[in-house]
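Enquirer: Residue numbers (my numbering), protein chains in the order written: chain A, 182 to 428; chain B, 157 to 550. Every residue, glycine too, gets a C-beta built ideally from N, C-alpha and C.
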Amino acid sequence: MPSADADTTETEATEAVVDEAREALLEAVTEELGDAVVGHHLIPGRDVWVRVAPDAWSDTADYLRNRQRFRFFDWLSAIDWLPSPYGRSLDAEVDKAAEDPDGDDASSGVDIADVEKVAGGDTRFQVMARVYSLATGIGLHVKTDIGDELQVASWIDTYPGAHWHEREVHEMFGISFVGNPDMRNLYLPGDFEGYPLRKDFPLMARLVKPWPGIVDVEPMPEVEEADGGAGSSDAAAPSATNPEDAA
Amino acid sequence: MTAISERRQLAYIAAQAADARVNIELEAEGMTLNVGPQHPATHGTLRIVLQLDGEEVVGADPIMGYMHRGYEKLAEVRTYPQVTTLINRIDWLGSFANEVPFILAAEQLMEIEAPARAKWIRTILFELARIANVTLFLGDMGVQLGAVTPVFYAFRDREYILNQIEAATGGRFHPNFDRIGGLKDDLPAGWIASTKTALDEIRDFCDEMEELIVGNEIFEARTRGIGVIPADVGLSYGLSGANVRASGVDWDLRRDSPIGQGQGLAYDELDWKVWTHPDGDSFARYWVRLQEVREACNMVDQLLDGLPGGPIMAKVPRIIKVPEGEAYVATENPLGEMGYYVVSQGGLEPFRVKIRSASFSNMSITPWLLKGTYVPDVITILASLYFILGDIDR
Chain A
182 MPSADADTTE TEATEAVVDE AREALLEAVT EELGDAVVGH HLIPGRDVWV
232 RVAPDAWSDT ADYLRNRQRF RFFDWLSAID WLPSPYGRSL DAEVDKAAED
282 PDGDDASSGV DIADVEKVAG GDTRFQVMAR VYSLATGIGL HVKTDIGDEL
332 QVASWIDTYP GAHWHEREVH EMFGISFVGN PDMRNLYLPG DFEGYPLRKD
382 FPLMARLVKP WPGIVDVEPM PEVEEADGGA GSSDAAAPSA TNPEDAA
Chain B
157 MTAISERRQL AYIAAQAADA RVNIELEAEG MTLNVGPQHP ATHGTLRIVL
207 QLDGEEVVGA DPIMGYMHRG YEKLAEVRTY PQVTTLINRI DWLGSFANEV
257 PFILAAEQLM EIEAPARAKW IRTILFELAR IANVTLFLGD MGVQLGAVTP
307 VFYAFRDREY ILNQIEAATG GRFHPNFDRI GGLKDDLPAG WIASTKTALD
357 EIRDFCDEME ELIVGNEIFE ARTRGIGVIP ADVGLSYGLS GANVRASGVD
407 WDLRRDSPIG QGQGLAYDEL DWKVWTHPDG DSFARYWVRL QEVREACNMV
457 DQLLDGLPGG PIMAKVPRII KVPEGEAYVA TENPLGEMGY YVVSQGGLEP
507 FRVKIRSASF SNMSITPWLL KGTYVPDVIT ILASLYFILG DIDR
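1. Tell me which residue opens and which closes the beta strand (DSSP E) that Phe254 (chain A) is part of.
2. Ordered along the chain, which non-local residues of its own chain (more than five positions away) have a Cβ less than 8 Å from that of Val350 (chain A)?
3. Between Glu228 (chain B) and chain A, is there a C-beta pair that is closer than 8 Å?
4. Which residue's Cα is closest to the Cα of Gly318 (chain A): B:Ser413, B:His224 and B:Tyr393?
5. Give me whichever residues DSSP pairs with Ala334 (chain A) in a beta bridge.
6. Among A:Pro362, A:Met364 and A:Val323, which has the Cα closest to the Cα of Glu228 (chain A)?
7. Please confirm whether Gly492 (chain B) and Gly397 (chain B) have their CB atoms less than 8 Å apart.
8. Does any heavy atom of the ligand PLP sit closer than 7 Å to the C-beta of Ile356 (chain A)?
9. Determine the direct distance from the alpha carbon of Lys340 (chain B) to that of Phe333 (chain B), and round the result to whole angstroms.
10. Quick check on the burial criterion: 16 or more other C-beta atoms within 10 angstroms. Buried or exposed for Met266 (chain B)?
11. Name the two residues that bound the continuous beta strand (DSSP E) containing Leu214 (chain A).
12. Which of the residues in the segment 242-272 of chain B, read from start to end, lie with their CB under 8 Å from any CB of chain A?
13. Under a three-way DSSP split, which group does Ser314 (chain A) fall into?
14. Assuming Val312 (chain A) and Leu245 (chain A) make a contact with CB atoms under 8 Å, what is their CB distance in whole Å?
15. Listing by chain order, which chain B residues have their CB less than 7 Å from the CB of Tyr376 (chain A)?
16. Whole angstroms is fine: what's the gap from His222 (chain A)'s alpha carbon to Ala514 (chain B)'s?
17. Please classify Lys275 (chain B) as buried or exposed, where buried requires at least 16 other C-beta atoms within 10 Å of its C-beta.
18. In the structure shown, what three-state DSSP assignment does Thr241 (chain B) receive?
19. List the endpoints of the continuous alpha helix (DSSP H) containing Ala253 (chain B).
20. So which residues of chain E does Lys510 (chain B) contact, with C-beta pairs closer than 9 Å?
21. Would the beta-carbon of Ile521 (chain B) fall within 8 Å of that of Asp247 (chain B)?
22. So Glu482 (chain B) contacts chain A; which residues on that side make the cut at Cβ distance below 7 Å?
23. If you drop the 5 nearest sequence neighbours on each side, which residues of the same chain put their C-beta closer than 7 Å to that of Glu505 (chain B)?
24. Assuming Gly462 (chain B) contacts Glu425 (chain B) (C-beta within less than 8 Å), just tell me the rounded distance between them.
25. What does DSSP give as the partner residues of Thr379 (chain B) in its beta bridges?
26. Just verifying my parser: in three-state terms, what is the DSSP assignment at Asp326 (chain A)?
27. Could you please tell me which residues of the segment 402-416 of chain B, in chain order, have their CB closer than 8 Å to any CB of chain A?
28. Mind checking who Phe306 (chain A) pairs with in its DSSP beta bridge?
29. In its own chain, which residues sit with a C-beta less than 8 Å from the C-beta of Thr188 (chain B), not counting the 5 before and 5 after it?
30. Under three-state DSSP, which class holds Val140 (chain B)?
31. Who are the neighbours of Tyr423 (chain B) on chain A, taking C-beta pairs under 9 Å?
32. For Val213 (chain B), return the contacting residues in chain A, with the cut-off set at a CB-CB distance below 7 Å.
33. Just to confirm, is the Cβ distance from Val333 (chain A) to Pro264 (chain A) under 8 Å?
34. Quick one: grab the DSSP three-state call for Met469 (chain A).
35. In angstroms, rounded to a whole number, what distance separates the CA positions of Gly416 (chain B) and Val531 (chain B)?
36. Check each residue of the segment 224-242 of chain A: if its Cβ is closer than 9 Å to any Cβ of chain B, include it; give the result in chain order.
Printed below as a string of structure tokens:
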């Protein structure tokens, strides 16, 4: 593979096709929710995102389920947009920009609002969900920004399936869902401390021992022999004694 | 004459009183029954705490996490090609099917399209993974009802398919074969003919199961009308795959998503049918899966006949950096909808991977579904929902 640039890959002719169904949906949602829609994004023929104000989070679910016939609850999760204070272990040059030895949220050098996000966003945490309409075959991503109080309304009254997803987000990100009575940990032990999927939660295994492919490059055997006689004579000793033992 | 009937009446009243007393004594504050964490119906380690009132379940609380491996966190420190090794182990009975949506999501972000032959082989392996996975369910359901024989047939006949997967990919359970832009290798010589033989074995197996299980009086008595899920309830809990098709919902991502229709997998070229069942009970879930295995055999047959030639890899940079963006790709996996929401910030590693696994949502309905059922039915209902613990815990 001689070529190393991403641009040579065969891309489809950019679709100038207008995605009428998704645009109509986007229009209807914007019209209904009004100012609550603070951002949106549409990729024709593929996907559509709507970002709503946190106050409108449960109304959005109600509208989508009962008026837009999004009957299928797909999933709910969250994203922590903080650039990892530990850097990205594999891409060195990006690390240098983002890395900060203090590992402090505020001083990490990158403004979270500037990070490229689909449908935008201002806060560190975003909760997002996907619902799907069987009638039209269209899935819709809904996002909302989570402020410092780290809470948002629950969806369980509209979509009971959101319950476990909200429990998972709660234990992994520390975001509470107002109106969900059962916020016990789903996966983690009850007394677990910290929120593992936050970017500032260290992945200890990786910190203790960096990726072996980069750091632990063992010298090739020939190099070792060329270094000096000590290594090679040690290695030869057992093989020399073995035949004697056998005899 | 009157004396006898009076005596009978008195005896009857006395018996009723005695029964009532026994009932009062038994009716304590309810009983807690712990199912698992080790139970053959759980395909892994799942614990369910049941609150019982006599034989009736009044509350069910599944407790997971015994197998939580944190793949969403681990994926953030691995390059895109390395992630497939992890996600192979989510649904370990149909591993290849786990790789496909992730690879497709990465391809979508990179705007790469795999060549036609790679798409077709992906679809073949995807359906073989389905056959290997669901075949085991078809036999295993018998065990949960006390019939041990079918599961031996299932293990025996699943091996034919696993051998084919191994011959093509090198791995029986964890192929790790899908690549961004195509596949690792082409099919080996003679593979098409031997796969056709294997498919015949599976077709025989399906007929055998139909005779052994579906026509069986005990099986029908234990599954018909048990664990009924209305379509709307199922959908609002996020139930997908055969579980929701058994409730009469005619929805299959292989047919209804652009990914199934040529943008990644080649289902649009095939002549096939989405099977549904109107009942929504345990029997319907079994029946739909049985038909889907047969349909998968037909699909693979057609794919093998029409396999196009050409390369199996698109032109892909040696070091894979995925441009900034977010993409969600879901496919119709053996257990239901499986999808990955991949957030890239232009690096070697994904910034965030949300794994939407089918069993997680399929299981979330159990507290609702098990309420009001009886203890012996709990196991059959769990078995008929068909979940893999790796797919719940991730």
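Expert: So, to answer that:
1. Phe253 to Asp261
2. Leu257, Ser258, Ala259, Val308, Ile356 and Phe358
3. yes
4. B:Ser413
5. Note: Ala334 (chain A) sits in a beta bridge opposite A:Val359.
6. According to the sequence displayed, residue 228 (chain A) carries Asp and not Glu. Among A:Pro362, A:Met364 and A:Val323, the Cα nearest to that of Asp228 (chain A) is on A:Val323.
7. yes
8. Ligands are entirely absent from the displayed structure, and the ligand PLP is therefore not among its contents.
9. 6 Å
10. buried
11. From DSSP, Leu214 (chain A) is part of no beta strand (DSSP E) but of the alpha helix (DSSP H) over Glu201 to Leu214.
12. Gln264, Met266, Glu267, Ile268 and Glu269
13. strand
14. 5 Å
15. Those do not exist, as Tyr376 (chain A) stays about 11 Å from chain B at its closest Cβ, beyond 7 Å.
16. 27 Å
17. buried
18. helix
19. Taken as a continuous stretch (DSSP letters only), the alpha helix (DSSP H) holding Ala253 (chain B) covers Ser251 to Met266.
20. Protein chains in the displayed structure are A and B, and chain E is not among them.
21. no
22. Val299
23. Glu232, Val233, Arg234 and Thr235
24. 7 Å
25. Thr379 (chain B) pairs with nothing; no bridge assigned.
26. strand
27. Val405, Trp407, Asp412, Ser413 and Pro414
28. A:Asp261 and A:Ile327
29. Val205, Leu206, Gln207 and Leu208
30. The question about residue 140 (chain B) has no answer, for chain B in this structure spans 157 to 550.
31. By Cβ distance, chain A contributes nothing, its closest Cβ being about 14 Å from Tyr423 (chain B), past 9 Å.
32. The premise fails here: Val213 (chain B) is roughly 18 Å from chain A at the closest Cβ pair, so nothing lies under 7 Å.
33. no
34. It is not possible to answer for residue 469 (chain A), since the shown part of chain A is limited to 182 through 428.
35. 40 Å
36. The segment 224-242 of chain A vs chain B, Cβ under 9 Å: Ile224, Gly226, Arg227, Asp228 and Trp230.
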